[in-house]
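Accompanying notes for the structure given below.
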Amino acid sequence: MNTLLVLPVAIPLITATIALLFRNHASLQRWVGVLGMVVLLGSVMVLFRDVYVDGIQVLQLGDWEAPFGITLVADMLSMLMLGISAIMGLVIAVYSLYDIDKERERFGYYPLLHVLLMGVNGSFLTGDIFNLYVWFEVMLIASFILLALGNSKNQLQGALKYVVINLFSSLIFLFGVAMLYGMTGTLNMADLAVRLPEVENVGLVTTVAMIFMLSFGIKAAIFPLFFWLPASYHTPPVAISAVFGGLLTKVGVYALIRVFTLLFTQDIGYTHDILLWVAGFTMVTGVLGAASHYEFRKILSFHIVSQIGYMIMGLAFNTALGLMGAIFYVLHNILAKSNLFLISGISQRLLGTFELKQMGGLYRHYPFLAVLFLVSAFALAGFPPLSGFWAKLSLVKAGLSIEMYLITAVAILVDLLTLFSMIKIWMTAFWGTVPEEGVPEHFGKMPLFGAGSLYIMVLPVMAVAGLILLVGLYAQPLLEVCLMAAEQLLDPNVYIEAVMGPQ
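Have a look at this one:
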């Protein structure tokens, strides 16, 4: 048993507790928040090495053997998700030093951010379907408060839509959990993977699979369940938008990948065909929504929806190459999407607005910021040699290899429309002329680096842009790790034996 598995959950909890103790000392609270993210990233790196070298790691809490106790499981998919969430957690914590105001800090921003990361990490590590529900609720509580911090009208409206639809999703999830337990008498995912194929009523199992597809589909914002996301993700401070846009929907994608490769594999011809249709409509509706808006963060929010479609497409293919592409796409998208949100925040600080029609001149006055935008935007659009190119190439190859020509053509068309949206932002906010009215006096005078600058916001953006370039230029090692994760997913016996022992 590897006791390190508890650290990705324990470290955010301890950090949140310490930050609460310093609630009246804002500067200490900030640096406790950043230090906690550094320690979390270090622990995840050590655990990643163990999983890469020694295979799937399992911890049975309290020495209760599965399926009776609480089980934590780290396979390669879990570790990739933990790694990217720890990296983005550190990036957001540093960015927040400048972006989050004192009032939000006083009301617990940093403790809530770590509680949110605790819920995210717990979701990636749990080996029990009911505990997955518990961790989802931890995320929901923390995210709702983060979304509402500030009490502006737009925030409260967005937070209300967010919490209502996610509570509905949680009720569906709980109903599905109850049905699973009624059919099998267990909630341990490895044990469920053994017992579900023994259920005589395959139609009932497929019905439960659809219940989970609906619940996780809401959390992942797939078609037609995505409407809550663009209505809420553009309302809070940018640091919160970035962590939501980068991580939260990907937890829903992770859950879909986990249950539709480990649990619900009895009727793939039906369930995965539905996932394929859903993926296509998700890509198209998301990118069309982005094309029709002119608010920086709303465009990015609709692109979250569109990009989720690519990930679901890889899952629906149910091949090693398809799953590898889906996993690689998740990692790439978290980097690119989060960075674009962070860049939108810097742009707003300089120009005083997120409305593209009221923006302009960023390239002329801040060329370095324009370069950072181009790296992230071109990665999102799949330009070589950036990370998005390898993600989309993998999925296109996967589609062509199994003769899924229509969905592959849709994916390529959506990619072109994604480029259109990025060009729209570039031509107005960066290449366009400076508006005659409404521009803050400091525009063109406030430097990105040095005294009185935005360097605390720019440095994390530089780091992520560097990662995007690094992943693009040296994609092969990460692709190999993603392929390893995909092969583990397609062989559930490896997971089952790691948790339950030889069958």
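In terms of full-length UniProt numbering, the sequence shown is residues 1 to 503.
No residue lacks a Cβ here, since even glycine has one placed at the ideal position from N, Cα and C.
What residues in its chain sit with their C-beta under 6 Å from that of residue i, if we drop five residues either side in the sequence?
i, result
"residue 286", "302, 305, 306"
"residue 209", "264, 271"
"residue 86", "40, 41, 44"
"residue 140", "166"
"residue 350", "443"
"residue 460", "91, 94, 95"
"residue 240", "146"
"residue 294", "356, 357"
Residues in the same chain with beta-carbon distance under 7 Å from residue i, minus the five sequence neighbours each way, listed in chain order, please.
i, result
"residue 448", "366, 368, 369, 454, 455, 458"
"residue 397", "321"
"residue 281", "223"
"residue 250", "330, 334"
"residue 242", "92, 338, 341, 342"
"residue 314", "322, 323, 325, 326, 329, 395, 398"
"residue 318", "268, 272"
"residue 159", "144, 147, 148, 232"
"residue 408", "396, 399, 400"
According to the neighbour-count rule (16 or more other Cβ atoms, all chains shown, within 10 Å of its Cβ), is residue i buried or exposed?
i, result
"residue 154", "exposed"
"residue 234", "buried"
"residue 332", "buried"
"residue 83", "buried"
"residue 202", "exposed"
"residue 152", "exposed"
"residue 356", "buried"
"residue 48", "buried"
"residue 216", "buried"
"residue 188", "buried"
"residue 207", "exposed"
"residue 111", "buried"
"residue 46", "exposed"
"residue 376", "buried"
Could you spell out where the beta strand (DSSP E) holding residue i opens and where it closes?
i, result
"residue 71", "71-74"
"residue 60", "57-60"
Under 8 Å Cβ to Cβ from residue i, same chain only, skipping five residues before and after it: list those, please.
i, result
"residue 473", "385"
"residue 26", "102, 105, 106"
"residue 296", "344, 347, 348, 354, 355, 356, 359, 425, 429"
From which residue to which residue does the alpha helix (DSSP H) around residue i run?
i, result
"residue 200", "Here residue 200 belongs to no alpha helix (DSSP H), and DSSP marks it neither H nor E."
"residue 460", "455-473"
"residue 289", "268-291"
"residue 357", "Neither: residue 357 is in no alpha helix (DSSP H) and is coded neither H nor E."
"residue 228", "228-232"
"residue 303", "296-317"
"residue 265", "Unbroken run through residue 265: none, as it is neither H nor E."
"residue 445", "Element bounds for residue 445: n/a, residue is neither H nor E."
"residue 6", "No alpha helix (DSSP H) contains residue 6, which DSSP labels as neither H nor E."
"residue 152", "Looking at the DSSP string, residue 152 is not in any alpha helix (DSSP H), and its letter there is neither H nor E."
"residue 240", "238-243"
"residue 384", "No alpha helix (DSSP H) contains residue 384, which DSSP labels as neither H nor E."
"residue 362", "362-365"
Check residue i in the structure and name its three-state DSSP category.
i, result
"residue 333", "helix"
"residue 188", "strand"
"residue 126", "strand"
"residue 436", "coil"
"residue 65", "coil"
"residue 497", "helix"
"residue 403", "coil"
"residue 487", "helix"
"residue 23", "coil"
"residue 142", "helix"
"residue 224", "coil"
"residue 430", "helix"
"residue 83", "helix"
"residue 257", "helix"
"residue 492", "helix"
Shorter than 8 Å from the beta carbon of residue i to some beta carbon of chain B?
i, result
"residue 372", "Judged by its chain identifiers, the structure shown contains no chain B, having just a single protein chain."
Checklist entry - Does the count of Cβ pairs from the region 139-146 and the region 85-99 closer than 8 Å reach three? => result Counting Cβ pairs under 8 Å, fewer than three are found: no touch.
Item to check | Segment contact, 8 Å Cβ cut-off, at least three pairs: the region 369-380 with the region 337-350 | outcome: Here the region 369-380 lies against the region 337-350, with 3 or more beta-carbon pairs under 8 Å apart.
Checklist entry - If we count Cβ pairs, one from each stretch, closer than 8 Å, do we get three or more for the region 116-124 versus the region 8-26? => result Touching, yes, given that three or more Cβ pairs across the two stretches are closer than 8 Å.
Checklist entry - Is there contact here, the region 56-73 with the region 485-501, by at least three beta-carbon pairs under 8 Å? => result Yes, since at least three Cβ pairs between the region 56-73 and the region 485-501 fall closer than 8 Å, the two stretches touch.
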